[in-house]
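Peer 1:
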Amino acid sequence: MKNFFLLLLFPFIVNAQNNSDDIKENDWLTDYANAQVVAKKTNSNILMYFTGSDWCSPCKALKKDLFDTSQFKEVAKDYVLLYVDLPRKKELLSAKEMQQNKALLSQWNKKGVFPLISLVNSEEKEVASLSGYGSKVDVEKYLDFLKRNSKM
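According to mature numbering (1 follows the signal peptide of the UniProt record, and there is no 0), the sequence shown holds residues -16 to -1, 1 to 136 in order.
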């Protein structure tokens, strides 16, 4: 019976692992203070990605169409990546991370727009932002935006 229960849970465990691996694969950080330290050390801008991972369909599409591509991985080398998730299922994040993300939302995404990319420099000033996602046609717009605002 115990083995049967584990077999039932296996797909959920693998899926949860895959989602966190996606974030780690692209070197996405989840702690703002840590992102600030890295940005100062590397003199890079922070790319804050505001998402609702479990409810925002455009966010899910943007992840698949942009963030999971080799073109993004190349452009992302110029940024410190910060994943700011605001899921409806509160158990997906720790209470501390949810509190931090809500504070970041009120500071950098006052209108509560999803998805949103906000570029913040190491002095904590917003350089630029880009919001919304309609279709794969927007991927080039995002890539151009990121190339234009990188610190080369």
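For glycine and all other residues, C-beta sits at the position ideal for the given N, C-alpha and C.
Predicted model only: the values in this text are computed from it and were never measured.
Exposed or buried, Asp69, counting other C-beta atoms within 10 Å across all chains shown (16 or more means buried)?
Peer 2: Burial call: buried.
Peer 1: Measuring alpha carbon to alpha carbon, tell me which of Ala87, Leu76, Lys48, Thr53 ends up nearest Ala17.
Peer 2: Closest by alpha carbon: Ala87.
Peer 1: Gln91 to Ser54, Cα distance in whole Å?
Peer 2: Taking the straight line joining both Cα atoms gives about 31 Å.
Peer 1: Closest by CA to Ala112, which one among Lys131, Asp52, Asn85, Asn27?
Peer 2: Out of Lys131, Asp52, Asn85, Asn27, Lys131 has the C-alpha closest to the C-alpha of Ala112.
Peer 1: For Thr53, is the beta carbon positioned less than 6 Å from some heavy atom of the ligand NAP?
Peer 2: Ligands displayed in this structure: none; no statement on the ligand NAP is therefore possible.
Peer 1: Let's test the definition: count the other Cβ atoms within 10 Å of the Cβ of residue 183 and tell me whether it reaches 16, buried, or not, exposed.
Peer 2: Look at the range of the chain in this structure, -16 to 136, and you will see that residue 183 is not part of it.
Peer 1: Under three-state DSSP, which class holds Leu88?
Peer 2: The answer is helix: DSSP assigns Leu88 an H, G or I state.
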